[in-house]
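So the structure is just underneath, and the comments pick up after that.
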Amino acid sequence: MFPLLLELDAEDPAEKWESTLQPPPISQITASTKFSPRWIKYFYARFKNECPTGRMREADFRRIICSVIESNQISDPYITRLFCAFSSDPADKVITFQDIVSCLTFLSEGTPEVQAEWVVRLITGRPDDHFQYPEFATFVSSVFALGDARERMKRNTEKETARQRAMTLFKELDKDNDGVATKADLARFFRDIQESESCPV
Numbered sequence: 001m002f003p004l005l006l007e008l009d010a011e012d013p014a015e016k017w018e019s020t021l022q023p024p025p026i027s028q029i030t031a032s033t034k035f036s037p038r039w040i041k042y043f044y045a046r047f048k049n050e051c052p053t054g055r056m057r058e059a060d061f062r063r064i065i066c067s068v069i070e071s072n073q074i075s076d077p078y079i080t081r082l083f084c085a086f087s088s089d090p091a092d093k094v095i096t097f098q099d100i101v102s103c104l105t106f107l108s109e110g111t112p113e114v115q116a117e118w119v120v121r122l123i124t125g126r127p128d129d130h131f132q133y134p135e136f137a138t139f140v141s142s143v144f145a146l147g148d149a150r151e152r153m154k155r156n157t158e159k160e161t162a163r164q165r166a167m168t169l170f171k172e173l174d175k176d177n178d179g180v181a182t183k184a185d186l187a188r189f190f191r192d193i194q195e196s197e198s199c200p201v
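No gaps in the numbering here: position 138 of the sequence shown is 138 in full-length UniProt numbering, and each next residue is one more.
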């Protein structure tokens, strides 16, 4: 027990003494997801290796993301957005094993409605059904800062491009011009894209 405690984050004394969070039974996770018991056991073992308490904090999430994606390809603000999107309760600032498998199952459906809900989570940092332009503009800027565009975003020209793109997209989403776009608006947007891509040229 004591070696495990010593391995925990020394900057957060409270975390050293918190009890281990146990996930639901495998049978329950299997029933609510599309994953096999074997995969769940394997993935849980990996999760516990990274997060012994069963709680993944943003620092853990950031470290794991940066181990598979080069740090110059993803921005800190976008990592924070991803972290909040995966968490079932962003106020607690943790991600559980169940949060991850639930999100992966949810995202695997790939419908316009699923895409819309996920993007709203990325925009607002919480489960919600609407957002306003300032939140959307900040989100678009964080997307523009991904990959090789990160350095270009430091220049005013790229920032202006992101701003104009955000304005154009939000206007397309906010059909009634009330200053609020909804999850339904995003689903319609993704559905239109899906239909246009399926139409023969």
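Positions of the beta carbon are idealized from the N, C-alpha and C atoms, including for glycine.
Asked: Whole alpha helix (DSSP H) elements within the stretch 42 to 119, 4-residue minimum; Found: 58 to 68, 76 to 86, 97 to 108
Asked: Contact under 7 Å by Cβ, glutamate 135 with isoleucine 123; Found: yes
Asked: Where the beta strand (DSSP E) through threonine 182 begins and ends; Found: 180 to 182
Asked: Entirely enclosed alpha helix (DSSP H) segments - the stretch 20 to 44, minimum 4 residues; Found: 26 to 32
Asked: Inter-residue CB distance, valine 143 and leucine 186 (contact presumed, cutoff 8 Å); Found: Not confirmed; about 14 Å, so no contact.
Asked: Per DSSP, cross-strand counterpart(s) of glutamine 132; Found: Val180
Asked: Neighbourhood of glycine 80 by C-beta, 7 Å cutoff - its chain only, sequence neighbours within 5 removed; Found: The residue you asked about is not glycine; residue 80 is threonine in the sequence shown. So the qualifying residues of the chain are Glu58.
Asked: Helix, strand or coil at leucine 146 according to DSSP, with G and I counted as helix; Found: coil
Asked: Euclidean distance between Cα positions of alanine 31 and glutamate 160; Found: 48 Å
Asked: Rounded straight-line distance, which links the Cα of leucine 169 to that of alanine 85; Found: 21 Å
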